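For reference, each letter of the sequence shown is one residue, going 4 to 97 in the working numbering. Worksheet: the structure to be examined is printed underneath.
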Amino acid sequence: MANLWKNEKQFKIIEMTWKEYVAVTDTWGLCDICGNNSAEENVYFIALLNQTYCKNCLEAYLKDAKRTKSDFQKEQLNFITIRNKLIDLGVWNE
């Protein structure tokens with residue numbers, strides 16, 4: 004089940020299975036950085052970037068990433084859009 008992935012920088016990141024991601028986006032579910040598409044691993048939708056990363060690329064991104072107040076509205080809109088699609092599929096875990 005998809006859920007909000009907690010992180011110390013408080014980015015809105017949704018952790019979900021590869022199949023859940025494919026279902027809500029109608030794409031192949033590739034990591035937007037390295038192209039990994041392992042169906043056995045979870046993917047991480049970074050709402051601020053409107054992109055999906057594998058675990059390794061997500062960890063590399065978070066090392067230097069910073070949030071600003073100007074990012075909040077865009078991040079929230081992208082988060083709500085994907086979360087609502089996951090809710091409609093019945094796979095959102097609140």
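C-beta: ideal position from N, C-alpha, C; glycine also. Computed from a predicted structure; not experimentally measured.
Sub-8 Å separation of residue i and residue j beta-carbons
i   : j   : result
Y47 : W8  : yes
L89 : E18 : no
I85 : V25 : no
A63 : F14 : no
Local Cβ density within 10 Å of residue i, reported as buried at 16 or more and exposed below that
i   : result
E97 : exposed
N81 : buried
Cα-Cα separation, residue i to residue j
i   : j   : result
N53 : K12 : 17 Å
A50 : E43 : 22 Å
N10 : L65 : 9 Å
L92 : K77 : 23 Å
Notebook entry, point to check: Of all the beta strand (DSSP E) runs that stay within the bounds of the stretch 10 to 35, which reach a length of 3 or more residues?
Noted result: Runs of the beta strand (DSSP E) inside the stretch 10 to 35: 16 to 20.
Check: Does the stretch 54 to 72 come close enough to the stretch 35 to 45 to have 3 or more Cβ pairs within less than 8 Å?
Finding: Short answer: they touch.
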